[in-house]
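Working notes for the structure below.
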DNA sequence: CATGAATGAGCATTCATTCAT
DNA sequence: CATGAATGAATGCTCATTCAT
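Here is the structure:
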């Protein structure tokens with residue numbers, strides 16, 4: 001379980017698609033070995049078994065997301081703007097690594113059972129959002145909501161599922177465009193909502209002019 | 001693959017928790033047999049192997065959701081109101097069948113690979129939302145958005161992930177209260193958005209000089 | 001294990017081809033049920049399991065052979081002539097029931113392990129030949145050989161293998177012609193031998209003048 | 001399906017008796033593993049399942065026979081003499097490997113269904129004989145017969161069945177003596193025939209008035 | 001360090017057979 | 001009598017993992 005050589009690491013990504021398609025349980029170590037060109041025993045030498053492969057791949061992805069999102073979140077802007085940036089960042093990474101994302105979600109059940117991963121997952125995806133929501137309330141850029149936890153979870157869901165969908169269907173050539181489009185759609189949803197404005201304020205009276 | 005007797009069907013639900021906790025791959029047929037009291041060979045006589053068990057359980061759940069949501073969506077109200085009802089309906093079912101839901105999501109990757117299920121999933125979860133969004137635009141109760149498909153996917157994500165979270169954590173004794181709380185939070189999010197109203201209006205004008 | 005109705009018996013022959021092709025072990029009771037149209041449980045009601053099916057089919061074949069050969073052997077002719085008749089009789093039955101024959105031989109190993117069958121086999125195929133050989137010596141129509149047992153076994157082999165080959169390849173439309181041709185060939189071989197006559201007499205002295 | 005190490009190969013022969021006695025279907029992989037001392041999984045690592053074991057064992061036997069017969073057939077003698085040598089060679093191998101032979105014949109049906117084996121069987125057993133018969137006609141040492149194919153098949157049957165019988169019953173201590181005795185008996189049969197000479201000559205003229 | 005070879009432990013699936021109706 | 005339904009018992013095969021070189 002030492003730090004694996006860069007070359008192997010890069011080869012290992014060849015397994016992501018396999019795992020995305022078949023799930024980790026449906027992917028045999030032999031398959032991974034064949035797909036990556038790394039001899040089975042060598043994988044064992046460097047990584048801790050099959051779970052190790054998943055952990056490596058996902059750990060990497062999570063680091064990436066955590067990093068990008070972390071940057072997006074650490075600016076001086078107000079929370080709302082940073083939330084937009086965070087959404088864009090997360091989607092950007094997901095769209096750029098579609099196989100890893102699908103592997104992550106496909107084996108989310110298992111991932112949840114790997115303790116380290118569960119925590120990393122939480123801190124990469126969920127916590128930044130939760131934090132932004134509360135900061136937004138503080139700096140006045142976001143509304144106070146009745147149940148912040150539930151809302152944060154929903155926002156997380158909106159981003160993740162949309163990102164996943166983009167990852168599954170997205171043409172790899174237009175990754176960044178896809179990400180931008182989805183990002184805009186999500187921000188529109190979670191910031192402005194779907195209700196027609198006046199109607200919402202006074203459901204009976206009428207639209208804005 | 002005949003229609004299994006009601007008694008067996010009910011026994012089979014005893015396997016949902018198992019699958020939810022360990023995933024389908026982590027659940028041995030023997031475990032299922034033991035947990036349900038149905039002899040292994042009898043499971044095979046009625047269902048098509050392990051996948052068959054999952055397919056049966058989830059098929060059932062999806063039918064349930066499709067039904068409840070279908071009812072919620074078929075009223076005479078405006079689309080926005082029906083959307084609220086649909087959210088509540090979906091969350092209601094999810095919270096009431098936490099194990100099935102977790103099993104569904106935990107093995108979502110695999111479920112996706114079972115063709116029938118993939119379609120049922122789509123039509124139970126995603127399509128009603130998509131339809132409501134466009135009907136809302138038509139009846140003026142919901143805003144027109146730039147990318148309806150992406151938004152529908154996000155809404156779907158918001159509901160599902162929140163529902164799942166509720167299903168995982170929710171105390172089974174307060175199921176309906178949980179569902180109501182989550183339902184309200186999600187509706188608040190997807191209808192009104194998170195942006196502070198004034199702030200949002202000013203947002204373009206006032207910020208970065 | 002009662003005497004099964006004629007109708008079932010005749011249906012049961014539909015299984016012979018199956019068994020011939022796949023062997024008894026390779027043939028599932030369900031296959032037999034499907035091929036014959038007899039419900040699985042009904043087979044069990046009338047016959048004693050899978051072995052029972054084989055026993056029934058082969059028992060029948062063996063009776064047939066024993067009968068035909070018995071008739072051929074019981075004439076007033078000299079032993080040599082009766083041997084020819086026996087060969088023809090055995091081949092005739094084999095060629096007329098190719099599937100049963102192949103089933104018999106294909107599962108000869110197993111058949112040998114069914115005690116009754118082994119004896120029936122021996123008395124249908126081998127013993128008549130052995131008897132004829134010794135009678136031939138007595139009535140002067142056949143030569144005395146050094147090792148009668150070994151010779152009888154060889155004759156049995158010659159007939160059986162040739163018959164089997166005929167059964168496998170033979171066009172079902174020309175069954176009797178095939179049988180006659182093979183019968184003639186075998187008789188030519190076992191009666192006259194292959195050696196050129198003169199040459200044999202004086203193998204040392206020189207080839208044909 | 002790699003080339004298995006000599007040690008394993010030799011151990012594997014320990015399975016021949018098992019298979020001879022019970023048939024391949026009646027022999028569990030575990031039995032083979034226990035009898036040979038080779039772990040089950042190791043058998044699978046080197047061979048292609050149960051059929052692979054049979055194929056290996058029989059392939060070996062057939063090579064052996066093909067080799068010995070090949071040598072016997074390749075001398076400068078006339079065809080009749082070489083036929084005698086071939087018979088002796090084939091019987092010699094069969095008697096020396098009684099278990100393999102019984103396994104071969106017991107699972108002949110199955111063997112026939114393994115394509116490679118079927119061909120090897122044909123070329124080891126049948127073809128040399130067929131060839132000798134035609135060469136014998138050419139060099140004058142064997143008679144021309146009406147149906148050479150049928151005769152070759154019968155000769156093949158005579159040798160094989162007798163050999164099998166010898167293999168089954170033969171005391172392993174007198175293997176070569178047995179082989180010689182059977183060999184002589186078979187040659188006597190197939191070369192000189194069973195008909196009494198004079199009688200045969202008279203047969204046409206004198207019999208049934 | 002890297003890896004080909006070997007294997008222990010596991011398990012889904014099959015199928016002959018039984019039995020209640 | 002006949003049979004659809006149910007199941008106990010058996011087993012072939014897989015695969016993650018180890019280890020000697």
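Residue numbers (the working numbering), protein chains in the order written: chain A, 1 to 209; chain B, 1 to 209; chain C, 1 to 209; chain D, 1 to 209.
Even for Gly, the Cβ is constructed at its ideal location relative to N, Cα and C.
Do the stretch 69-79 of chain B and the stretch 21-30 of chain B touch if we need at least three Cβ pairs shorter than 8 Å? no
For the alpha helix (DSSP H) that residue 146(C) lies in, which residues bound it at each end? Segment: none, residue 146(C) is in no alpha helix (DSSP H) and carries neither H nor E.
Between 59(B), 183(B), 193(B) and 5(B), which lies nearest to residue 115(B) when the distance is taken from Cα to Cα? 59(B)
Roughly how many angstroms separate the alpha carbons of residue 83(C) and residue 49(D), rounded to a whole number? 46 Å
Please report the straight-line C-alpha distance between residue 51(D) and residue 103(D), rounded to a whole angstrom. 12 Å
Any beta carbon of chain B sitting closer than 9 Å to that of residue 200(A)? The predicted model places residue 200(A) with a pLDDT of 45, which falls under 50 and marks its position as unreliable; any figure quoted below should be read in that light. Yes - at least one Cβ of chain B is within 9 Å of the one on residue 200(A).
Does residue 147(D) have its Cβ less than 9 Å from a Cβ in chain C? yes
Note the first and the last residue of the continuous alpha helix (DSSP H) segment covering residue 190(D). From DSSP, residue 190(D) is part of no alpha helix (DSSP H); its letter is neither H nor E.
Quick check on residue 183(D): does DSSP put it in helix, strand or coil? helix
How long is the line joining the alpha carbons of residue 155(C) and residue 129(C), rounded to whole angstroms? 8 Å
Which ranges would you report for the beta strand (DSSP E) in the stretch 33-121 of chain A if only whole runs of at least 3 residues count? none
What residues in the stretch 182-195 of chain B bring their beta carbon closer than 8 Å to a beta carbon of chain A? 182, 184, 185, 186, 188, 189, 190, 191, 192, 193, 194 and 195
Give me, in chain order, the residues of the same chain whose beta-carbon lies closer than 6 Å to that of residue 118(B); leave out the 5 immediate sequence neighbours on both sides. 112
Is it the case that the Cβ atoms of residue 150(D) and residue 125(C) are separated by a distance below 9 Å? no
If you reduce the DSSP assignment to three classes, tell me which class residue 23(A) lands in. coil
Where does residue 28(D) fall in DSSP's three states? coil
Count the other C-beta atoms from every protein chain shown that fall within 10 angstroms of the C-beta of residue 68(C), then say buried if there are 16 or more, exposed otherwise. buried
Could you check the C-alpha separation between residue 99(D) and residue 62(D) for me, to the nearest Å? 13 Å
Residues of the stretch 150-179 of chain D in Cβ contact with chain C at a cutoff of 9 Å, in chain order, please. 150, 151, 153, 154, 155, 156, 157, 158, 159, 160, 161, 162, 163, 164, 165 and 166
Look up residue 162(C) in the DSSP assignment and say whether it is helix, strand or coil. helix
Quick one, which residues of the stretch 108-123 of chain B are near chain A if we go by CB-CB under 9 Å, in chain order? 108, 109, 110, 112 and 113
Residue 195(D) and residue 192(C): beta carbons closer than 9 Å? yes
Run through chain A and tell me which residues come within less than 7 Å of residue 25(B), C-beta to C-beta. 25
Alpha carbon to alpha carbon, what distance is there between residue 21(B) and residue 187(A)? 34 Å
Going by beta carbon distance, what residues of the same chain come within less than 6 Å of residue 14(A), once the five residues before and after it are set aside? 35 and 36
Quick check: is the beta carbon of residue 92(C) nearer than 9 Å to any beta carbon in chain D? no
Listed in chain order, which residues of the stretch 69-103 of chain C have Cβ atoms closer than 9 Å to some Cβ of chain D? 77, 78, 80, 81, 83, 102 and 103
Who are the Cβ neighbours of residue 90(B) in its own chain at under 7 Å, not counting the five residues just before and after it? 65, 69, 159 and 163
Determine the chain C residues that contact residue 37(D) at a beta-carbon separation under 8 Å, and present them in chain order. By Cβ distance, chain C contributes nothing, its closest Cβ being about 25 Å from residue 37(D), past 8 Å.
Residues in its own chain within less than 8 Å of residue 18(C) by CB, not counting five upstream and five downstream? 27, 31, 32 and 35
Should residue 14(B) be flagged as near chain A, meaning a C-beta pair shorter than 9 Å? no
Given a threshold of 16 other Cβ atoms within 10 Å of its Cβ, counted over all protein chains shown, does residue 206(C) qualify as buried or as exposed? Reliability fails at residue 206(C), whose pLDDT of 43 lies under 50, so the model's placement of it is uncertain and the value that follows must be treated cautiously. Flag for residue 206(C) reads exposed.
Which residue comes first and which comes last in the alpha helix (DSSP H) that contains residue 136(B)? 127-139
Assigned secondary structure, residue 4(A) (DSSP; H/G/I helix, E/B strand, else coil): coil
Alpha carbon to alpha carbon, what distance is there between residue 96(C) and residue 11(C)? 17 Å
Can you pull out the residues from the stretch 32-60 of chain D whose beta carbon lies closer than 8 Å to at least one beta carbon of chain C? none
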